[in-house]
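Residue numbers (the numbering used here), protein chains in the order written: chain A, 1 to 316; chain B, 317 to 766.
What follows is a short report on a single structure.
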Amino acid sequence: MHKEFIPSAFLGAALALTLALSGLSHAQMTDYEENPRLGMEAHISGITGHAAAAETNYRRYCTGCHGDLGDGEGENAQWIDPKPRNFTLGQFKCRSTPTGTLPTDEDLYTTIGRGLTNSNMPQWLPLTTHEKVDLVAYVKHFSPHFATEKPGTPINVPPEPEVTADRIKAGQAVFQRLECWKCHGVTGRGNGPSAETLTDNQNRPIKPFDFHDVTRFKCGTTDQDLYKIFMTGLDGTPMPSFADSVKPDEAWNLVFYLRTLQPMNSREKQIAKQLGLKPINPNAAPAGAAPQPQAEQQQPLQQQPQPQQQQPPPSR
Amino acid sequence: MVSLRRNLLRSAIFLLALSVPPAHAIPAFARKYGLRCSACHVAWPVLNDFGWRFKDNGYQLMNDRDAPIWQHPSYWPVTFRITPNWHLEKTNKVSVDVGGGVNNGQVGTTQHGFDLSGLDILTGGTLEKNISFLLTPSSDNTGAFHFESAWVRLDNLFHSPWLNFRFGKFELDNFISEKRTLTLSAVGGIYQLYHFVPPNDVNTFGQIGDNQLGLEWQGHSFNDRTRLSAALFSSNDGNVNLQNANAYSGFLHISEAFDLGGLGQQRVGAYYFIGQAPTYSLTSAGVPIPGSSLGNKSFNREGFWGDFFIYKFEVPVYFQHGSDNPHFAITPPGATSPPTPANVPLPPGARAPTWNGVFIEPRFVVNPQLVLFHRTEIVRMSQQALHGFFPSNLGDLNVYTLGYRWYPIMTSRVGFAFHNEYSRIMQRSAAPDSTDLTSSSIFVGFDFAF
Numbered sequence: 001m002h003k004e005f006i007p008s009a010f011l012g013a014a015l016a017l018t019l020a021l022s023g024l025s026h027a028q029m030t031d032y033e034e035n036p037r038l039g040m041e042a043h044i045s046g047i048t049g050h051a052a053a054a055e056t057n058y059r060r061y062c063t064g065c066h067g068d069l070g071d072g073e074g075e076n077a078q079w080i081d082p083k084p085r086n087f088t089l090g091q092f093k094c095r096s097t098p099t100g101t102l103p104t105d106e107d108l109y110t111t112i113g114r115g116l117t118n119s120n121m122p123q124w125l126p127l128t129t130h131e132k133v134d135l136v137a138y139v140k141h142f143s144p145h146f147a148t149e150k151p152g153t154p155i156n157v158p159p160e161p162e163v164t165a166d167r168i169k170a171g172q173a174v175f176q177r178l179e180c181w182k183c184h185g186v187t188g189r190g191n192g193p194s195a196e197t198l199t200d201n202q203n204r205p206i207k208p209f210d211f212h213d214v215t216r217f218k219c220g221t222t223d224q225d226l227y228k229i230f231m232t233g234l235d236g237t238p239m240p241s242f243a244d245s246v247k248p249d250e251a252w253n254l255v256f257y258l259r260t261l262q263p264m265n266s267r268e269k270q271i272a273k274q275l276g277l278k279p280i281n282p283n284a285a286p287a288g289a290a291p292q293p294q295a296e297q298q299q300p301l302q303q304q305p306q307p308q309q310q311q312p313p314p315s316r
Numbered sequence: 317m318v319s320l321r322r323n324l325l326r327s328a329i330f331l332l333a334l335s336v337p338p339a340h341a342i343p344a345f346a347r348k349y350g351l352r353c354s355a356c357h358v359a360w361p362v363l364n365d366f367g368w369r370f371k372d373n374g375y376q377l378m379n380d381r382d383a384p385i386w387q388h389p390s391y392w393p394v395t396f397r398i399t400p401n402w403h404l405e406k407t408n409k410v411s412v413d414v415g416g417g418v419n420n421g422q423v424g425t426t427q428h429g430f431d432l433s434g435l436d437i438l439t440g441g442t443l444e445k446n447i448s449f450l451l452t453p454s455s456d457n458t459g460a461f462h463f464e465s466a467w468v469r470l471d472n473l474f475h476s477p478w479l480n481f482r483f484g485k486f487e488l489d490n491f492i493s494e495k496r497t498l499t500l501s502a503v504g505g506i507y508q509l510y511h512f513v514p515p516n517d518v519n520t521f522g523q524i525g526d527n528q529l530g531l532e533w534q535g536h537s538f539n540d541r542t543r544l545s546a547a548l549f550s551s552n553d554g555n556v557n558l559q560n561a562n563a564y565s566g567f568l569h570i571s572e573a574f575d576l577g578g579l580g581q582q583r584v585g586a587y588y589f590i591g592q593a594p595t596y597s598l599t600s601a602g603v604p605i606p607g608s609s610l611g612n613k614s615f616n617r618e619g620f621w622g623d624f625f626i627y628k629f630e631v632p633v634y635f636q637h638g639s640d641n642p643h644f645a646i647t648p649p650g651a652t653s654p655p656t657p658a659n660v661p662l663p664p665g666a667r668a669p670t671w672n673g674v675f676i677e678p679r680f681v682v683n684p685q686l687v688l689f690h691r692t693e694i695v696r697m698s699q700q701a702l703h704g705f706f707p708s709n710l711g712d713l714n715v716y717t718l719g720y721r722w723y724p725i726m727t728s729r730v731g732f733a734f735h736n737e738y739s740r741i742m743q744r745s746a747a748p749d750s751t752d753l754t755s756s757s758i759f760v761g762f763d764f765a766f
């Protein structure tokens with residue numbers, strides 16, 4: 001055997017196999033590649049993301065949970081709680097826009113980088129800005145809504161007032177009046193009387209947020225993030241928007257009260273301790289129409305928020 | 317000189333035989349978090365930036381579900397990895413006995429056949445939120461086990477990603493990790509630079525590629541773009557029982573990542589490895605007394621590296637300058653091998669053996685299920701231990717590796733790859749007849765972890 005035969009044969013075989021395997025690997029991509037919406041774009045801080053450029057990264061990072069078709073039916077979905085988002089519905093929890101509207105590109109971009117606490121969605125921080133913007137475009141391409149509708153206008157978050165004892169007490173009153181306790185429990189542990197009955201927009205069981213467990217909220221860590229959560233709602237979950245039933249000042253009071261339920265030693269918690277603040281008494285709750293959890297069924301996406309239906313119980 | 321070359325050849329063959337290092341790719345993590353291998357690996361076992369952040373956070377995604385209490389009680393964080401394979405090993409010149417057993421001939425040899433790699437049993441994860449661990453019983457292909465890794469790490473102390481302390485036996489903080497290299501063959505399975513020892517040198521304690529026993533501080537920015545680490549460890553190359561008592565080494569490493577437009581994340585770094593090792597021991601009846609090692613002499617390796625992305629094309633580059641104290645490489649009068657004890661004067665012309673090396677390892681990730689790779693590695697002696705005694709190029713290395721890995725399945729449960737690789741090493745003046753010694757490997761195997 002010629003001494004160079006083996007390397008040459010190896011290289012030749014490797015090249016042939018490479019071409020064959022490349023074809024096989026490519027063939028494993030599913031027909032989502034044929035989606036005409038792959039021309040979808042996203043725009044963040046002067047960077048334009050292209051859905052077509054994110055195919056590989058979506059397959060690398062996202063398919064396992066969200067599925068090739070973006071329907072939330074990846075191979076891991078059956079094991080995950082809460083379930084992965086179904087992108088085809090165009091409904092997203094974390095938005096700066098009113099309930100029932102599409103999120104902005106910035107909202108989706110922030111969610112990818114921040115992750116969703118208490119879920120399997122990690123922080124994809126190490127991805128480059130370009131990669132994340134491309135992925136935003138790719139996420140959008142799954143839903144026809146993004147092709148025909150504009151995102152909602154981000155809500156206005158007024159300046160945060162100074163936290164005071166009166167505001168915390170007022171926030172507790174809001175917590176009782178809105179019947180937040182029905183889902184989140186009187187102490188905010190996510191164990192209210194309705195907790196076991198809640199379902200998401202695909203009729204899957206979903207648990208309310210437990211304020212005592214974690215320092216971060218589903219859609220952020222700041223007071224502004226918390227303010228936005230109950231003023232925009234978490235679409236696709238029973239947590240509604242209270243934008244039409246709570247004034248901005250009341251919303252800030254509620255923010256301050258909810259901070260007292262969290263595990264970290266915050267200014268709000270110190271004040272609550274000085275006040276000797278006790279959990280609410282549900283029996284003393286003010287009379288009001290019974291709230292109705294929303295989004296228990298898949299509903300068509302609407303451009304404008306629905307008129308508020310009383311005070312639905314919040315969930316995560 | 318002939319004896320030296322025979323030793324070099326034996327060492328080379330020995331190193332080649334043991335060269336495939338235990339590699340880390342841990343489907344147990346994928347199962348825990350429901351993520352595919354590709355989420356953390358460019359192509360497993362090579363980590364991507366997300367995987368590095370996961371590792372640097374103490375095997376945590378920082379999603380408040382990292383503590384084991386969140387796992388189903390039946391979850392067991394264990395992964396096995398082994399690679400059944402066929403491989404061919406060819407060497408151009410090997411000393412043979414001729415004419416009544418006198419070892420004065422040389423032939424080329426070719427061996428091939430079906431074989432097994434060693435087995436890695438990787439168990440790692442979190443003991444509690446911000447307390448991570450890794451235990452890796454690892455065997456060679458005969459089933460002889462040792463502990464490749466065994467450490468506990470306190471992560472994010474005081475809620476700071478800059479305060480992480482690891483204690484035990486661990487891999488040095490090499491961003492271009494030999495434990496996660498794509499290559500598997502006998503020749504190409506290791507980075508030669510991570511294990512390089514100059515001709516006649518017996519200092520085996522400066523091997524960056526070997527896991528070490530010690531303590532490490534590691535810190536990183538929240539997004540892991542900036543990474544710093546410092547390790548202090550015993551100068552025993554990871555071996556137990558205080559073989560080199562009272563001698564320590566240190567390893568410093570810093571790196572910074574940055575985006576380059578849409579090309580991807582680029583990273584550059586630098587490292588410094590400095591240490592001491594003994595040159596002799598007290599003896600009793602001619603037998604070294606354990607723990608009585610004396611006469612520490614120093615060694616160092618330093619360099620810089622980069623990991624560059626151009627879309628699907630990744631190009632890691634690594635440079636090293638190394639130097640050992642001449643006591644490690646010079647045979648004292650009346651002895652048959654080094655080192656020269658520190659209390660024995662060196663002969664005239666003694667100098668620190670010094671070398672420079674570089675490797676470049678471009679990879680083309682066709683898609684998450686197919687990666688093509690190549691490596692060129694070059695080591696050049698810039699100064700031999702004894703001026704004029706050794707050929708100036710003795711110990712120089714050229715290594716070329718080429719191959720691909722195809723992952724027919726890609727799930728969050730197991731890793732499975734078809735691996736095909738060719739590698740060739742040329743060692744200058746190392747053959748029995750003082751010409752170049754060349755060895756090559758062809759490796760075909762199924763690499764799987766579950």
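Glycine residues also receive a C-beta, built at the ideal position from the N, C-alpha and C atoms.
Going along chain B, which residues have a C-beta under 7 Å from residue i?
i, result
"A/N76", "G350, S728"
"A/P122", "L377, N379"
Anything in chain A within Cβ reach of residue i, meaning under 8 Å, just list it in chain order.
i, result
"B/S354", "R59, R60, Y61"
"B/L500", "In chain order: nothing, as chain A lies at least about 14 Å away."
"B/P684", "T56, R59, R60"
"B/N539", "L125, P126"
For residue i, I'd like the list of residues in its chain whose CB is within less than 7 Å of its CB, leaving aside the five on either flank, ordered along the chain.
i, result
"A/P84", "C65, H66, G72, G74, A77"
"A/G113", "Q123, W124, L125, K132"
Which same chain residues, not among the five before or five after residue i, have their C-beta less than 6 Å away from its C-beta?
i, result
"B/A546", "W533, L568"
"B/G770", "There is no way to answer for residue 770 of chain B, as the model of chain B reaches only from 317 to 766."
"B/R696", "N672, D712"
"A/A195", "C183, P208"
"B/Y634", "I492, W621, F675"
"A/L234", "K93"
"B/Q685", "Y723, M726"
"A/A290", "Here the model assigns A/A290 a pLDDT of 40, short of 50, so the residue's position is not dependable, and the following value carries that caveat. No residues qualify anywhere along the chain."
Can the beta-carbon of residue i be found closer than 8 Å to that of residue j?
i, j, result
"A/C94", "A/T111", "yes"
"A/V174", "A/L254", "yes"
"B/V681", "B/V423", "no"
"A/F146", "A/L102", "yes"
"B/R469", "B/F481", "yes"
"A/A251", "A/I168", "no"
"B/G522", "B/A561", "no"
"B/Q592", "B/S551", "yes"
"B/P642", "B/P669", "yes"
"A/D200", "A/T232", "no"
Just to make sure I have the definition right: I need the residues of chain B whose C-beta is within less than 9 Å of the C-beta of residue i. Which are they?
i, result
"A/H130", "D575, G577, G578, L579, G580"
"A/I80", "G350"
Can you tell me whether residue i is buried or exposed, with buried defined as 16 or more other CB within 10 angstroms of its CB?
i, result
"B/Y375", "buried"
"A/G60", "Note that residue 60 of chain A is Arg in the sequence shown, not Gly. Classification for A/R60: buried."
"A/G192", "buried"
What does residue i reach in chain A if we use C-beta pairs closer than 7 Å?
i, result
"B/D763", "Those do not exist, as B/D763 stays about 15 Å from chain A at its closest Cβ, beyond 7 Å."
"B/F784", "The structure shown does not extend to residue 784 of chain B, since chain B is modelled only from 317 through 766, so no value can be given for it."
Starting from the beta carbon of residue i, find every residue of chain B whose beta carbon is closer than 8 Å, and list them in chain order.
i, result
"A/T117", "N379, D380"
"A/V214", "D380"
"A/C219", "Correct list: empty, because the minimum Cβ distance to chain B is about 14 Å."
"A/G64", "G350, L351, R352, A355, T727, S728"
If you drop the 5 nearest sequence neighbours on each side, which residues of the same chain put their C-beta closer than 8 Å to that of residue i?
i, result
"B/K348", "Q387, Y391, P393, G441"
"A/P279", "V186, T187"
Could you check whether the stretch 623 to 630 of chain B touches the stretch 569 to 589 of chain B, counting it as contact only if at least three pairs of C-beta atoms, one from each stretch, sit closer than 8 Å?
The stretch 623 to 630 of chain B, when compared against the stretch 569 to 589 of chain B, does touch it at the 8 Å Cβ threshold.
Three Cβ pairs or more, each shorter than 8 Å: is that satisfied between the stretch 536 to 544 of chain B and the stretch 688 to 695 of chain B?
With a cut-off of 8 Å, the stretch 688 to 695 of chain B and the stretch 536 to 544 of chain B do not count as touching, because too few Cβ pairs lie within range.
Quick check: the stretch 510 to 522 of chain B against the stretch 726 to 744 of chain B, are at least 3 beta-carbon pairs closer than 8 Å?
Segments in contact, no.
Check whether the stretch 185 to 203 of chain A and the stretch 214 to 226 of chain A touch, using three or more Cβ-Cβ pairs below 8 Å as the test.
The stretch 185 to 203 of chain A vs the stretch 214 to 226 of chain A: no contact.
Using a Cβ distance threshold of 8 Å, determine whether the stretch 498 to 510 of chain B contacts the stretch 458 to 468 of chain B, with at least three qualifying pairs required.
Result no; under three Cβ-Cβ pairs closer than 8 Å.
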